[in-house]
Every structure is written in structure tokens, then in C-alpha cells.
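Chemist:
Structure (C-alpha cells):
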């Protein structure tokens, strides 16, 4: 039963609510009845009571607290630039105090970053304190193939991502990303065509008029 409105949610294995998120789990040949709430929301917080119709009646109240979804955070800017051969250092923090994440995974693109990978030179350090959980990823001797999207994925929080650029001596401002680089030739053509048309118009206006000689009477 939900105490705030005294709504009976389930009885035995039957559900008495139009909210399909609520259900009951009762393993066969057991004395356990578990209330399940899928896709839990803030409004589900409150006191729920389990009642057993004995004489006298037995009941147990349970307080459900619903926390806002935690968000992982990667320190620093959203785009990181490192030189080829240096170390990529990324730190992810998860400020969940009540329930620390059971695990924190790092992804490079769609692949899990693993210190046992054939690439080698990868270090993962996870520290759990009263202030939260911190996971640090170190990738030594960065190569051009180490460029890409890195994502920190805690087991109980929303992920966070950062884009890493490994530079081979070029300046970050000179790098082109995505469609911006591919569209440059088209922009040059767009600028050149009107300029060419203007030059042709000037040449036509500046050219002296052409006078053709009239035919002689004999030629007529």
C-alpha cells in the first residue's frame, strides 16, 4: 500500500493500479512478495507499507527515497589536445555519496579501454571517498590512433565524454573537423564565381566600341 494516498497497489500476485510500472514478484513456493517499480520517478518517493492479514495484523513500513540521476563529469575542457608521444590524462568524478558506483568503465569510441589490451601503456585508477568516486585514465606514448571520443561510464550515473586530439606537430587552430574541412572548396568556388563575373563585366564596359566599315556602292 502507498501511504500518501492509501492506495492498495498489490494483493497476493494481483496488481490494483492502472500504472503499469508497478508489479509484484512472488517466487513459487516462497513466502516472499516483492513490490517492483520500473522507471522510478521523483513522485514515487514516500512510505510504502507491506501488510499481512493475520490477527493481529502485521505490517512493515518502508521509506523509498528517490535521488536525482547522478552525472559523471570529466575534468577540463570538452576537447583535449596532446602531443604525439606524450601521456593522455583524463579524470572522471562521480559525486554519488549514498551509493558509490559498483564499476566505472572507460570507452574509446565503442571499444572498452582495458589495461590488458595489446596496445599496452594504459593505467586505470579508481578511488572511492566520502566526497565521491574518482576514476583516472592514463594512456602513455600517445599515438595518432589514440585520437577520438573517450567516455566515462559509471554503473549508477549518466556518462560523460571528451574528445581527444593527438597532434603530430600541427597547431590546434589549423586542424579541421568534420564537415567544416570538407566544405572549404565549395566556399572558395562560391566566392570566385561572383568575382569572375564582376571582372568580365568590367572588361566589357572598358573595351572600345567596334566600328565596322560600310560596304562600297560597287560591292552592292
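In this note's numbering, the protein residues as written are 1469 to 1688.
Glycine included, every Cβ here is placed at the ideal spot set by N, Cα and C.
Between the beta-carbon of residue 1603 and the beta-carbon of residue 1597, is there less than 9 angstroms?
Modeler: In this structure, residue 1597 does not lie closer than 9 angstroms to residue 1603 by Cβ.
Chemist: Excluding the 5 residues preceding and the 5 following residue 1559 in the sequence, name in chain order all residues of the same chain whose CB lies nearer than 6 angstroms to its CB.
Modeler: Counting only Cβ-Cβ distances below 6 angstroms, and skipping sequence neighbours, we find 1543, 1604.
Chemist: According to DSSP, what are the bridge partners of residue 1573?
Modeler: DSSP, once it has assigned bridges, lists 1621 as partnering residue 1573.
Chemist: Going by C-alpha distance, which of 1524, 1505, 1635, 1471 is nearest residue 1554?
Modeler: If we check each option's Cα against that of residue 1554, 1635 comes out closest.
Chemist: Label residue 1484 either buried or exposed according to how many other C-beta atoms from any shown protein chain fall within 10 Å of its C-beta, with 16 as the threshold for buried.
Modeler: Counting Cβ neighbours within 10 Å, residue 1484 comes out exposed, since fewer than 16 surround it.
Chemist: Could you compute how far the alpha carbon of residue 1576 sits from the alpha carbon of residue 1525?
Modeler: Cα to Cα, the separation comes out at about 57 angstroms.
Chemist: Secondary structure at residue 1485, three-state DSSP: helix, strand or coil?
Modeler: Residue 1485 falls in the coil class under three-state DSSP.
Chemist: Using the Cα positions of residue 1474 and residue 1502, report the straight-line distance between them to the nearest angstrom.
Modeler: Cα-Cα distance, rounded: 18 angstroms.
Chemist: Does DSSP put residue 1510 in a helix, a strand or coil?
Modeler: Residue 1510: helix per DSSP, three-state reduction.
Chemist: Using 8 angstroms as the threshold, is the segment 1577-1589 in touch with the segment 1511-1529, meaning 3 or more CB pairs across them?
Modeler: With the cut-off at 8 angstroms, the segment 1577-1589 and the segment 1511-1529 do not touch.
Chemist: Return yes when the Cβ of residue 1589 is within less than 9 angstroms of the Cβ of residue 1607, no when it is not.
Modeler: Yes; because the gap between Cβ atoms is below 9 angstroms, this pair is in contact.
Chemist: Between the C-alpha atoms of residue 1633 and residue 1619, what's the straight-line distance to the nearest angstrom?
Modeler: Each residue's alpha carbon lies about 14 angstroms from the other.
Chemist: Leaving out five residues before and five after residue 1513 in sequence, what residues of the same chain have Cβ atoms less than 8 angstroms from its Cβ?
Modeler: Excluding positions up to five away in sequence, the list reads 1532, 1533, 1534.
Chemist: Does the beta carbon of residue 1615 fall short of 8 angstroms from some heavy atom of the ligand COA?
Modeler: The ligand COA is absent from the structure shown, which contains no ligand whatsoever.
Chemist: If you run the structure through DSSP and keep just helix, strand and coil, what is residue 1594?
Modeler: Here residue 1594 sits in strand by DSSP.
Chemist: I need the straight-line Cα distance from residue 1482 to residue 1567, nearest angstrom please.
Modeler: Rounded to whole angstroms, residue 1482 to residue 1567 spans 32 angstroms at the Cα level.
Chemist: Since residue 1517 contacts residue 1471 with CB under 8 angstroms, what's their CB separation in whole angstroms?
Modeler: Rounded, the Cβ-Cβ distance is 6 angstroms, consistent with contact.
Chemist: So, at 6 angstroms on beta carbons, what are the nonlocal neighbours of residue 1629 in its own chain, with the 5 sequence-adjacent residues on each side left out?
Modeler: For residue 1629, where only same-chain residues beyond five positions count, the Cβ hits under 6 angstroms are 1617, 1619.
Chemist: Please list, in chain order, all residues of the same chain as residue 1507 whose beta carbon is under 6 angstroms from its beta carbon, the five residues on each side excluded.
Modeler: These residues qualify, in order along the chain: 1489.
Chemist: For my contact list, residue 1626 and residue 1564 are in at a C-beta cut-off of 8 angstroms; report their separation, rounded to the angstrom.
Modeler: With a Cβ gap of about 11 angstroms, residue 1626 and residue 1564 do not count as contacting.
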